[in-house]
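Peer 1: For the sequence shown, the numbering used here assigns the number 11 to the initial residue and increments by one for each residue that follows. The C-beta atom is built at its ideal place from N, Cα and C for all residues, glycine as well. Just so you know, these numbers come straight off a predicted model, no measurement behind them.
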Amino acid sequence: MSGDPDRIEVLPVLPSLDIAETLAFYRDELGFAQIVHQTPDYLIVRRDEMELHFWRTDDTGLPEKTSVYLRGGRIAALHAEYRAKGVSRLTDMEVRPWNMEEFYIHDPHGNLLRFGRVPQR
């Protein structure tokens, strides 16, 4: 988080079918250990500079149609950490046809997290 009060940040708000299950996955599996806010219907978690928001829904189709793109140079280290932890539904890291090095994770409800960076040469 920047100390600049005029900085505009873009923060995704993803659907969750169960806030407690979402918290457990993002905290325990993906390392979003800082709980900024939690109610039965809304959750905010943070890991370093990454912050994700979740709202509770009963519509099971919404998470399966939702994704977020997290872009930055440290994703190789994240991928290695997640691989070592055995995070489920983790793809290999590879350069895609659009010239971005990426890996993907689906959370327990179906939200797609796409991590990407400019390929290292």
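Provide the residue span of the beta strand (DSSP E) that contains Thr-49, from first to last.
Peer 2: For this step, residue 49 is matched to residue 39 along the sequence shown. Run containing Thr-49: 44 to 49, per the beta strand (DSSP E) assignment.
Peer 1: At what residues does the beta strand (DSSP E) containing His-63 begin and finish?
Peer 2: One-based indexing of the sequence shown puts residue 63 at position 53. From DSSP, the beta strand (DSSP E) with His-63 extends over 60 to 66.
Peer 1: Quick one: grab the DSSP three-state call for Pro-25.
Peer 2: Start at 1 with the first residue of the sequence shown, and residue 25 comes out as number 15. Here Pro-25 sits in strand by DSSP.
Peer 1: Throw me the rounded Cβ distance for the Val-55 and Leu-24 pair, which I believe falls under 8 Å.
Peer 2: For this step, residue 55 is matched to residue 45 along the sequence shown. For this step, residue 24 is matched to residue 14 along the sequence shown. No, Val-55 and Leu-24 are not in contact; Cβ-Cβ is about 11 Å, not under 8 Å.
Peer 1: To the nearest angstrom, report how far apart Val-46 and Trp-108 are at their CA atoms.
Peer 2: If you number the sequence shown from 1, residue 46 lands on position 36. If you number the sequence shown from 1, residue 108 lands on position 98. One C-alpha to the other measures close to 35 Å.
Peer 1: Tell me Ser-77's beta-bridge partners as DSSP assigns them.
Peer 2: Sequence index remark: in the sequence shown, residue 77 carries index 67 (1-based). Per DSSP, Leu-122.
Peer 1: Mind reading off the beta-carbon distance from Gly-120 to Pro-73? Whole number of angstroms is fine, and I expect it under 8 Å.
Peer 2: As a position in the sequence shown, residue 120 is number 110, starting the count at 1. As a position in the sequence shown, residue 73 is number 63, starting the count at 1. Yes, they are in contact, since the Cβ atoms of Gly-120 and Pro-73 sit about 4 Å apart, within 8 Å.
Peer 1: Can you tell me whether Tyr-36 is buried or exposed? The criterion is at least 16 other CB atoms within 10 Å of its CB, across all chains shown.
Peer 2: Residue mapping note: residue 36 aligns to position 26 of the sequence shown, counting from 1. Tyr-36 is buried by the Cβ-count criterion.
Peer 1: Going by Cα to Cα distance, which pick from Phe-42, Ser-26, His-63 is closest to Asp-69?
Peer 2: Taking the sequence shown and counting its residues from 1, one reaches residue 69 at position 59. Checking every option, the nearest Cα to that of Asp-69 belongs to Ser-26.
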